[in-house]
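Chains as they are written, first to last, in this note's numbering: chain P, 5 to 582; chain C, 570 to 742.
Structure first, commentary second.
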Ligand SMILES: Cc1ncc(C[n+]2csc(CCOP(=O)(O)OP(=O)(O)O)c2C)c(N)n1
Ligand SMILES: [Mg+2]
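As structure tokens, this is what we get:
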């Protein structure tokens, strides 16, 4: 069948099972937007290309399927660099199609030309510059294969205009179905080495104070069920990192919650005191380890990762296993055989120490006095309790992100979507939109900061027009709160360029102007009704502005450069014996 | 430069546009310190070979190799330490050679089995190929004459054959 590159591109995307593309057209990608009209694929027209990228990420986080974004050349390509880097840092499967100037014009500084593959080389798992129309079906197939296998990540395909423009002879081609990926240098290993699994099992059997350090890789491998079996079989307390919240339900007796810079005391301290850390799909990020030379000093390390470059990168492993997290956890379960109780292992002393920490150092905050501004933690508790249990939550970056991760009760995997590695302000609204598109029957809340909101709020227009009824809880503390906290704690309360003001912009008017229902809550008794009202509205997006106390700080905290043993607890717990 | 500090790595890559930029970009981004780098086609036109020497004080060799392996266009990686590698390099050098010092220079050329490529009134162009350490030695001995211009290719390397003792017989008496 004779066709052209543009039609072949859309057909290739259909063949990959793509249901939705987040994008915005322009000159170089224009010919591809014509066949979209006749395609079964839904296109969502964003208001800024950064929005398209984060929507694709949100979609991927929520569904496990690759998100797809399509934008034009030059400024559109540069606008999507941030989401690509975000997806790269958090291993999010995503395919981004960018238009490019005609092949012959590349290198001439043509209108809206930029070196997209050059710019994105270091923030993508791989990228392609397509030079012939006939390569399109194969390259699209390869791109999806790379994005979704091994350690997932973003892949960019840059396509010159002439090869997709039916008016140009260079676009003519014969259609074909690729028979498989053609990537001689790409062969991810997923099955773990049984000998190493056996070694790991031996370490697990011998450990007295083991902790499972569960990372985002477990969710990427869809391995939450396997994780649960492993920890129940071995009776091992488990921390879930910022990228793995929900991998083990927060109300599971073995779940200790989030470790790291703003982790809870028990999760942080259990890792510090452990004699064995079983790191599953985690990468010893500095926000988890604190000062590295003081991190978990007595722990042996079992490290499982699909990406062998993660093994021994930060902390040398006693047993490093290259493999898919789910397959490796299943192999471990098999190798361990009978449960620990039958092996005569007594976990009680270790678990008693842990429950002692849990009793002395729960997450806490001081309730606001009458007439004072809302406490953000209180807002999050009410939001959590007033929303369906399977609600998907996407957050921005800052204090509100940490409070959400701390105070939400994650009962299911794939319900928490945030920007961990890159820490991208403005992530939440577009990510929530993408999640809602992928999971239309679920309630999706974006918990956003006032600083973040001002970076990507325009996508609420997209949400209204495209009928994607997400909800936004805006934690308006009038400040770039996380930066304010660092200035308060480490710069002698010298506040420099962190005040945003609480009343300008008027968020209610702004939200209404974008077609959203808008609610403002300022007093504690207004919070619950506002949440209830928002949860009832399902025909358009809702923004609830919570006017919050700017003085509130996130605790516990490991100050930068300190070891995790130097964790600062909530001021009310300072006198507790550690 | 000690043998332990510098490792030679031979990478077979797909012969596609931009592959060298990917490899070089990776070195820069991860802070790998590269001593020398040579790129050449292979007998199979689908692939090229990149031979480079990395300072393993800048990053553990394990990380260098594993990060390279993540590049989709990298097909095969071989690490060669000094004991397993046969390494060669080519140097072109222009040395100041006033008539009264010429014979002294030619002695060195003869001892090292180098070649005189051209001679000017007060300069001489010489080439030498061989083991990189020999080239270092030769360069050092030419230094006092005054080096006008120098070009070295960077080393290329192959794994030593099992029975190749002859291969590394000293070339200098
Ligand atoms: C794009 C971007 N710019 C700057 C930062 C640095 N930064 C981290 S948190 C933060 C403050 C965020 O303010 P806000 O959205 O109001 O959240 P809050 O901390 O007040 O909850 C800033 C500026 C960042 N993470 N991302
Ligand atoms: Mg704020």
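Glycine residues also receive a C-beta, built at the ideal position from the N, C-alpha and C atoms.
It should be emphasised that the depicted structure is a prediction, and the values quoted were computed from it without experimental measurement.
query, result
"Under 8 Å (Cβ pairs) to chain C, residues found in the segment 279–313 of chain P", "311, 312 and 313"
"Interface residues of chain C facing residue 121(P) [CB-CB closer than 7 Å]", "587"
"Three-state secondary structure (DSSP) of residue 166(P)", "helix"
"Residues near residue 557(P) by beta carbon distance below 6 Å, same chain, minus five either side", "489"
"Interface flag, residue 57(P) vs chain C, CB-CB below 8 Å", "no"
"Residues from the segment 595–606 of chain C in contact with chain P, defined by Cβ distance under 7 Å", "598"
"beta-carbon residue 693(C) near ligand 1 non-hydrogen atom, thresh 7 Å", "no"
"Whole-angstrom distance between residue 126(P) and residue 621(C), CA atom to CA atom", "20 Å"
"Heavy atom of ligand 1 within 7 Å of residue 93(P) beta-carbon", "no"
"Inter-residue spacing [alpha-carbon to alpha-carbon] between residue 424(P) and residue 243(P)", "16 Å"
"Residue 197(P) CB to nearest heavy atom of ligand 1 below 7 Å", "no"
"Chain-ordered residues of the segment 141–165 of chain P with a beta carbon less than 7 Å from chain C", "150"
"Minimum Cβ-Cβ distance from residue 642(C) to chain P less than 8 Å", "yes"
"Environment of residue 564(P) [buried if 16+ CB atoms lie within 10 Å]", "exposed"
"Cβ neighbour criterion (16 or more within 10 Å) applied to residue 681(C)", "buried"
"Whole-angstrom distance between residue 718(C) and residue 663(C), CA atom to CA atom", "5 Å"
"Option nearest residue 208(P) by Cα separation, candidates 349(P), 541(P), 50(P) and 519(P)", "349(P)"
"Whole-Å CB distance - residue 9(P) paired with residue 167(P), under 8 Å assumed", "4 Å"
"heavy atom of ligand 2 below 7 Å from residue 511(P) C-beta", "no"
"Distance CB(residue 433(P))-CB(residue 460(P)) smaller than 8 Å", "yes"
"Listed by chain order, chain P residues near residue 632(C) by CB distance under 9 Å", "313, 316 and 317"
"Cβ contact check for the segment 636–647 of chain C and the segment 686–694 of chain C: 3 or more pairs under 8 Å", "no"
"Segment contact, 8 Å Cβ cut-off, at least three pairs: the segment 174–192 of chain P with the segment 211–231 of chain P", "no"
"4 or more residues per run - each alpha helix (DSSP H) lying fully within the segment 136–187 of chain P", "140–152"
"Below-8 Å beta-carbon distance, residue 93(P) vs any chain C residue", "no"
"Secondary structure of residue 642(C), DSSP reduced to three states", "coil"
"8 Å Cβ cutoff, residue 743(C) in contact with chain P", "Lying before the first or after the last residue shown, residue 743(C) is absent from chain C, which here runs from 570 to 742."
"At least 3 beta-carbon pairs within less than 8 Å: the segment 301–310 of chain P vs the segment 350–368 of chain P", "no"
"Among 548(P), 569(P), 574(P) and 546(P), nearest to residue 559(P) - alpha-carbon criterion", "574(P)"
"Cross-chain neighbours of residue 590(C) in chain P, by beta carbon under 8 Å", "122 and 125"
"Any non-hydrogen atom of ligand 1 within 7 Å of residue 454(P) CB", "yes"
"Own chain residues within Cβ distance below 8 Å of residue 447(P), not counting five before or after", "391, 392, 394, 395, 396, 475 and 539"
"Cβ separation of residue 45(P) and residue 22(P), assumed to be a contact under 8 Å, to the nearest whole Å", "6 Å"
"Limits of the beta strand (DSSP E) - the one that residue 261(P) falls within", "259–261"
"Pairwise C-alpha distance: residue 523(P) and residue 513(P)", "10 Å"
"Where residue 264(P) meets chain C, residues with beta-carbon distance less than 9 Å", "None at all; the shortest Cβ gap to chain C is about 23 Å."
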